[in-house]
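Notes follow the structure.
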Amino acid sequence: MSNQTQNLVKVLQSAKPAEIVEIDAVKEKFIAMHNAIHGSDKGEMIYHKEAFNFKKQLAETPGLKECSQLSLYGVFLDINVNGLSLEQGSKPDCYIIAKSHKTGKKDAQNKDIYEKRASLQVSPYGELKLRMRAGQVKYADNPVIVYDCDTFEIGLNERGKQVVLAYKKMSNRPEGAKIVASFVRIERPDGSYEMPYLDQDDIQRLKGYSERQNSKWDDVQKKKVPGKANALYTSNGGQIDTGFLAAKTIKHAFSTYPKVPTGKFSSLQEEFNHTEIDYGIDPEAYTAGLTEDVEHVEVKDEPSFDDFDKAVEDAQVMEEVETTQVENDCDEPEF
C-alpha cells in the first residue's frame, strides 16, 4: 500500500460519515473519474449534485451513519462509475443500504465482531439505464398494469413460448377492479422487441419469497417460520402497490439477461471485462477476511433489501397506453 493510499485511508477513517464527500482528495477523485469515464467536463457540477444527495440520504437514514467510512467512500465513487444518481423521486436510479459483515475477529467473550458496511443498491430503473448504456436494450416503455376488466391475452408463439398476444385497456374501469398481471415492452437494438409479463401466480410467488426473506426463528417450533411479506404487496386496498409492481416487472424482464458491469461497491456483480478503475484504495484488500451476506440486524429507517421497497412506495409511475396490439411473431424472446 503506497503512502498516498495510506494517507487517504487514515483521513477517511478519521472523518465523520457525512464529511467524507467534503474531503479534498475525495472531491478531486470524483471529478477526475467522472471526466475520464464519461468523457465530459461536467465532473465538478455532478460532484456537487451527488454530494448533496449523498449527505441527504445519510441524514434521512440514521443507520447509514454506522457504516464504515471506507465503504461509504466506495459507494460515493460507484455512483460515478455506474453513471447513476442518488437523487430520489418516483423512479430513483439507486440508493444506499447497510448490512453487517463478520470482520473475522472475536471480542473478549469470543463472539464474532461485526462491521456495518454500505453498498449501492441499483434499482430496476437504474438497471434499465445500465443495460441501455451497455447496448443490451434500446428502450423500454413504462410497465402496464392489467386489470380483470381489460382485454389481455397470453398464448404460444410458433416456438411454443408463452407471449403477450394482445392487450386493450377498458376505457372506464369499474371501482374495485382487480389487478391480474403486468407487462413491459422492451425494444432491442435491432428493432425487435419482447414483452415480459408477471401474472398473479408470479406475484404470489414473489410475495412468498418476501415472507421467506423475513422469516424468523421460532423457539417453540425450533425452526425458522415465514414472516410477513413486504407491506407493499397488500397496501393497495389489499392488492399490490402499482408502483411496486411496475418496478418488479422491470426487474423480472431482465432476469435472463447477462449481468452488466458495475462499480466494486455496488450490489450487482461484474461479468464483462472493462477498464479497471482506480478507487485510490484496494477494495479486495479492504474486504479480505470478511464474510459476505451474513444475517444482520435491521436498522430502523434503513432501506429494505427486498429490492426497491421503500424507494417505490407511494410512487406514481404508471403511464398506461389506451390500446396496444401485439402480434404473435418471431420477434418474441426466449424466456
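Converting from the sequence shown to this note's numbering requires adding 1 to each position, the first position being numbered 1. Glycine is no exception: its CB is placed at the ideal position from the N, C-alpha and C atoms. None of the values given here were measured: they were computed from a predicted structure.
GLU212 to GLU45 span [Cα, whole Å] = Your numbering for residue 212 matches position 211 in the sequence shown. Your numbering for residue 45 matches position 44 in the sequence shown. Annotation: GLU212 to GLU45 spans about 44 Å, alpha carbon to alpha carbon.
task = Have a look at LYS107 and THR263 and give me their C-alpha separation to the nearest angstrom.
result = What you label residue 107 is simply residue 106 of the sequence shown in a count that begins at 1. What you label residue 263 is simply residue 262 of the sequence shown in a count that begins at 1. Each residue's Cα considered, the two are about 33 Å apart.
task = Assuming LEU246 contacts SER183 (C-beta within less than 8 Å), just tell me the rounded distance between them.
result = Position 245 of the sequence shown, counting from 1, holds the residue named residue 246. Position 182 of the sequence shown, counting from 1, holds the residue named residue 183. For a cut-off of 8 Å, the C-beta gap from LEU246 to SER183 is around 5 Å, short enough to register as a contact.
query = If you compare alpha carbons, which of GLU67, PHE53, SER69 and LYS103 is closest to ILE80?
reply = Indexing the sequence shown from 1 puts residue 80 at position 79. Relative to the Cα of ILE80, the nearest Cα in the group GLU67, PHE53, SER69 and LYS103 belongs to PHE53.
For LEU157, the first and last residue of its enclosing beta strand (DSSP E) = If you number the sequence shown from 1, residue 157 lands on position 156. Start and end: 152 to 157.
ask   = Tell me which same chain residues have a C-beta within less than 6 Å of the C-beta of GLU188, skipping the five on either side of it?
value = Sequence index remark: in the sequence shown, residue 188 carries index 187 (1-based). Closer than 6 Å at the Cβ level, and outside the excluded window around GLU188, lie LYS139, TYR140 and TYR194.
message = I'd like to check one pair, TYR148 with ALA119: are the Cβ atoms closer than 8 Å?
response = Counting from 1 along the sequence shown, the entry for residue 119 is found at position 118. Counting from 1 along the sequence shown, the entry for residue 148 is found at position 147. No.
key: When THR250, ASN36 and LYS100 are compared against ALA73, the one with the closest alpha-carbon   = Counting from one through the sequence shown, the residue named residue 73 turns up at place 72. With the sequence shown as reference, residue 73 is identified as Leu, and Ala is not the correct amino acid for it. Selected option, being the one with the closest Cα: LYS100.
query = Identify the residues that DSSP records as bridge partners of ASP200: which are they?
reply = Translated into positions along the sequence shown, residue 200 becomes position 199. For ASP200, which the question treats as bridged, DSSP gives the partners ALA182.
ask   = Does the beta-carbon of MET34 have 16 or more other beta-carbons within 10 angstroms, so that it is buried, or is it exposed?
value = Locating residue 34 in the sequence shown gives position 33, where the first residue counts as 1. It counts as buried.
query = Apart from the five residues just before and just after ASN274, which ones in its own chain have a Cβ nearer than 6 Å to its Cβ?
reply = Within the sequence shown, numbered from 1, the residue matching residue 274 stands at position 273. Low per-residue confidence applies at ASN274: pLDDT is 37, beneath 50, and the placement is therefore not dependable, though the value from the model is reported in the following sentence. Excluding residues within five positions, none has a Cβ falling inside 6 Å.
key: Contacting residues, own chain, Cβ-Cβ under 6 Å from THR104 (five flanking each side not counted)   = Walking along the sequence shown from the start, residue 104 turns up at place 103. Excluding its 5 nearest sequence neighbours in each direction, THR104 has C-beta neighbours in its own chain below 6 Å: ILE114 and GLU116, listed in chain order.
message = Below 8 Å on the Cβ atoms is my contact criterion, and I expect TRP218 with LYS229 to pass it. Report the Cβ-Cβ distance as a whole number of Å.
response = By 1-based counting over the sequence shown, the position of residue 218 is 217. By 1-based counting over the sequence shown, the position of residue 229 is 228. Rounded, the Cβ-Cβ distance is 15 Å, inconsistent with contact.
ask   = Is PRO144 closer than 8 Å to VAL181 when the C-beta atoms are compared?
value = On the sequence shown, position 180 is the one that residue 181 refers to. On the sequence shown, position 143 is the one that residue 144 refers to. Against a cut-off of 8 Å, the Cβ pair of PRO144 and VAL181 comes out as no contact.
task = Give the single residue among GLU51, GLY90 and ALA135 whose Cα lies nearest to the Cα of PRO190.
result = Indexing the sequence shown from 1 puts residue 190 at position 189. Checked all of GLU51, GLY90 and ALA135; the closest Cα to PRO190 is ALA135.
query = Mapping DSSP to helix, strand and coil, what is LYS341?
reply = The structure shown does not extend to residue 341, since the chain is modelled only from 2 through 336, so no value can be given for it.
key: As assigned by DSSP and simplified to three states, the class of GLU61   = Numbered from its first residue, the sequence shown carries residue 61 at position 60. Look at GLU61 here: in three-state DSSP terms it is helix.
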